Amino acid sequence: MYNTEIRGPLITGDKTLHQITEDICQPIDKKPRYWWYAVLFFCIVSLVYGAWALRITIGEGIGSWGLNNSVSWGWSIINFVWWIGIGHAGTAFSIFLLILEQKWRTSINRAAELMTVVAVICAVHFPILHIGRIWNGFYILPYPNDRGPLWLNFNSPLFWDVIAILTYLTASSLFWYVGMIPDLASIRDRTTSKIKKAIYGFFSLGWVGSSKDWFRFEKLGWVIGGLTAALVVSVHSIVALDFATSVLPGWHTTIFPPYFVVGAILSGFAMVLTLMIIIRKVYKFNDYITDSHLNAICKILVFISLIMGIAYSTEIFVAWYSDNEYEMFTFFHNRVTGDYNKAFWVMLISNAILPQLFWFKKIRKKLTIVFIISICINIGMWFERYVIVITSLTKDFFPSSWTDYKPTSVEIGLFAGTFGFFILCLLLFFKYLPMIAMHEVKGVLKYKLDK
Amino acid sequence: MNTAILGVYEDEELLISALRKIRDEKIEISEVFTPYPIHEVFEIMKRKTRLPYATFLFSALGAILTYLFLYWASVRSYPLIFGGKPLHSVPSFILISFVMMIFFGVLLSVIAFLIRSKLYPGKKVKIHDPRITDNVFVILIDKTPDMTSDQINLLNAIFKECGAVEILEK
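Protein chains in written order, with this note's numbering: chain A, 4 to 454; chain B, 7 to 176.
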């Protein structure tokens, strides 16, 4: 078990309890600075582009996308899997570390959980939109109907996806919101504005901080955490089964579920790192998000990226070892050396090789390099999904049906729109909600060896 | 008429030492308000909860009901063979039941927590001290009719001795 002897003080700067509240609530009290409005403008531009793409997709149908008979899954599934992967940040980070009693999660968990909720909402857009007639979207749920009643195909991973993601969205947003109740009460009690008092008072559900409530609150955190931890593994396994239950070379592998889960955790942690460096820099939270925190995340990334490296090499090895000509073709001629080799090497270098630089303490300490590598991992993880989806579909068993795939501006617009939505939610979070879990940070302020 | 005595503390350790002393004097502590959860306080207040059992029950219920529904829908209501798979496809059903177990467990536990702690949107609460959610710890002791003035004096003495920053009577 880690203790503070290894980790160092979790919060630096000799803070008092009152100072913690002041520091963390200061962005809520102050007017946002010019960069906030600049980013907001960028978000609105992307959202407008996204709204246009949405209008075309719904009004004209998914014929406006670049899909064809061979490539029936394109950017929408890539972006779906990518967002879901990022959505593993909060649960993997916050809940795994909660269950393992890693106290250093306290400064980071709130933002990571928010990322989860927003990323999953972004992800959900794509499967709903790809239906084409979204007003019939409720068909994906089992409801009593007058067709027999004819139920759904419960053996289909696509149906498992629906319930897994709905559950994941519910569980992670509840975990995030319930964890925020005491902090909302803090804002309610310190604010002088009547409107703020009313709004934060409404959402803090009448929290007063009695020992009875705290005790149940802590138990509830454990209980939801314990249950949701299983979701981290199950959600992305199910997403992987969408691919793995097919018979396409490059998809039809048993390694897919663990491979996807690890990939999701890698991209989730990378996004947490990106976001935390930004928050720390912009809001000067150096005492809360200390070097030691970022250092720890970097070390975890080394480990996860090693597993990714093993997964990539296992895939290639098995393709060679199976001596199956289709597998050989997909992996060696199509991915490693073929038309899509650039995407393949971007994926390999940024996910399996670049994070290995974190072995060196000097690199872990240079935040600019850490930031760049974290962005590279995010991009690399997007290309991983691109490689998986596109290489297998463009060149399948029949050379006569080989084709190319390029996204149209509508597909790019949908992605840009979700991206704008993601950043917009982050901006609102920065401005209106406590970015760091105040009550948890206060709890670990005096975390000493004897505890 | 004052009905309660409040001891206000600014330090966790002082609070705990005061709580221990009050407990040893066998004076009933009505409630302790803190800005963050403190395990010693839970111990002294002898807090108990059946929430984990409730969660177990909700999860089990969710899993069983889901499995029964899937069985009924696929085998009884509309038996339709597709892909040569059996009507009663155990692995798929287990997977769906597992996910729904988590869904029911989490959702109903949160609802149970909110109901049991009587937390709801827009609740009007009596806030003993607005600093509780910031940096102070408050011990609340209700004055019961059979409380002697000696006990009240003793209580004041304990509060003072253990470094209370304020002692209020409300």
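Where is the CB? At the ideal position from N, CA and C, for every residue including glycine. No experiment lies behind these values; they were computed from the predicted model shown.
Query: Please name the residue in A:435, A:249, A:294 whose C-alpha comes closest to that of residue 395 of chain A.; Result: A:249
Query: Is the beta carbon of residue 122 of chain A closer than 8 Å to that of residue 78 of chain A?; Result: no
Query: Does any C-beta atom of chain A lie closer than 8 Å to the C-beta of residue 58 of chain B?; Result: yes
Query: For chain A, find out if any of its Cβ atoms is closer than 8 Å to the Cβ of residue 37 of chain B; answer yes or no.; Result: yes
Query: Identify the contact partners of residue 19 of chain A in chain B, using a Cβ-Cβ distance below 8 Å as the criterion.; Result: 141
Query: Could you tell me the distance, in whole angstroms, from the CA atom of residue 205 of chain A to the CA atom of residue 347 of chain A?; Result: 50 Å
Query: Would the region 101-114 of chain A count as touching the region 223-232 of chain A if we require 3 or more Cβ pairs under 8 Å?; Result: yes
Query: Does residue 192 of chain A have its Cβ less than 8 Å from a Cβ in chain B?; Result: yes
Query: Note down the Cα distance separating residue 340 of chain A from residue 114 of chain A, rounded to an integer number of angstroms.; Result: 40 Å
Query: Starting from residue 37 of chain B and walking both ways along the beta strand (DSSP E), at which residues does that stretch end?; Result: 37-39
Query: Are residue 171 of chain B and residue 18 of chain B touching if we call contact CB-CB under 8 Å?; Result: no
Query: Select from the region 165-181 of chain A all residues with a C-beta closer than 7 Å to any C-beta belonging to chain B, and list them in chain order.; Result: 166, 167, 170, 173, 174, 177, 181
Query: Using the Cβ count rule (16 or more neighbours within 10 Å means buried), how would you classify residue 296 of chain A?; Result: buried
Query: For the candidate residues A:32, A:25, A:65, A:281, whose alpha-carbon lies nearest to that of residue 417 of chain A?; Result: A:65
Query: Would you call the CB atoms of residue 119 of chain A and residue 90 of chain A closer than 8 Å?; Result: yes
Query: State the DSSP-derived secondary structure class of residue 453 of chain A, mapped to helix, strand or coil.; Result: Confidence at residue 453 of chain A is low in this model, with a pLDDT of 42, below 50, so its placement is unreliable and the value that follows should be read with caution. In the structure shown, residue 453 of chain A sits in coil (DSSP, three-state: anything other than H, G, I, E or B).
Query: Report the rounded CA-to-CA distance for residue 255 of chain A versus residue 332 of chain A, giving the unit in angstroms.; Result: 14 Å
Query: What residue range is occupied by the uninterrupted alpha helix (DSSP H) comprising residue 192 of chain A?; Result: 160-193
Query: Just reading off the alpha helix (DSSP H) that residue 145 of chain B is part of, what are its end residues?; Result: Run containing residue 145 of chain B: none in the alpha helix (DSSP H); it sits in the beta strand (DSSP E), 143-148.
Query: Could you check the C-alpha separation between residue 93 of chain B and residue 128 of chain B for me, to the nearest Å?; Result: 49 Å
Query: For residue 203 of chain A versus residue 184 of chain A, is the C-beta distance shorter than 8 Å?; Result: no
Query: What does residue 53 of chain B reach in chain A if we use C-beta pairs closer than 9 Å?; Result: 214, 215, 217, 218, 219
Query: With a threshold of 8 Å between beta carbons, is residue 189 of chain A in contact with chain B?; Result: yes
Query: Are the Cβ atoms of residue 58 of chain B and residue 141 of chain B separated by less than 8 Å?; Result: no
Query: Quick one: give me the first and last residue of the alpha helix (DSSP H) that residue 14 of chain B is part of.; Result: No alpha helix (DSSP H) holds residue 14 of chain B; the beta strand (DSSP E) holding it covers 10-15.
Query: If I measure Cβ to Cβ from residue 62 of chain A and keep anything under 7 Å in the same chain, skipping five residues before and after, which residues do I get?; Result: none
Query: How about residue 95 of chain A: is its C-beta nearer than 8 Å to some C-beta of chain B?; Result: no
Query: Which residue or residues does DSSP assign as beta-bridge partners of residue 175 of chain B?; Result: B:11
Query: Where DSSP assigns a beta bridge to residue 213 of chain A, which residues make up the other side?; Result: B:39
Query: At 7 Å on the CB atoms, spell out the chain B contacts of residue 205 of chain A, in chain order.; Result: 127, 128
Query: Which one of A:75, A:106, A:74, A:124 has the shortest CA to CA distance from residue 428 of chain A?; Result: A:124
Query: Are the CB atoms of residue 37 of chain B and residue 214 of chain A within a distance shorter than 8 Å?; Result: yes
Query: Quick check for students: name the residue ranges of the alpha helix (DSSP H) that lie wholly in the region 30-99 of chain A, counting only runs of 4 or more.; Result: 37-63, 78-89
Query: Rounded to the nearest angstrom, what separates residue 144 of chain B and residue 221 of chain A at their Cα positions?; Result: 19 Å
Query: Do the region 104-123 of chain B and the region 168-187 of chain A meet, that is, are 3 or more Cβ pairs less than 8 Å apart?; Result: yes
Query: What residue range is occupied by the uninterrupted alpha helix (DSSP H) comprising residue 299 of chain A?; Result: 294-325
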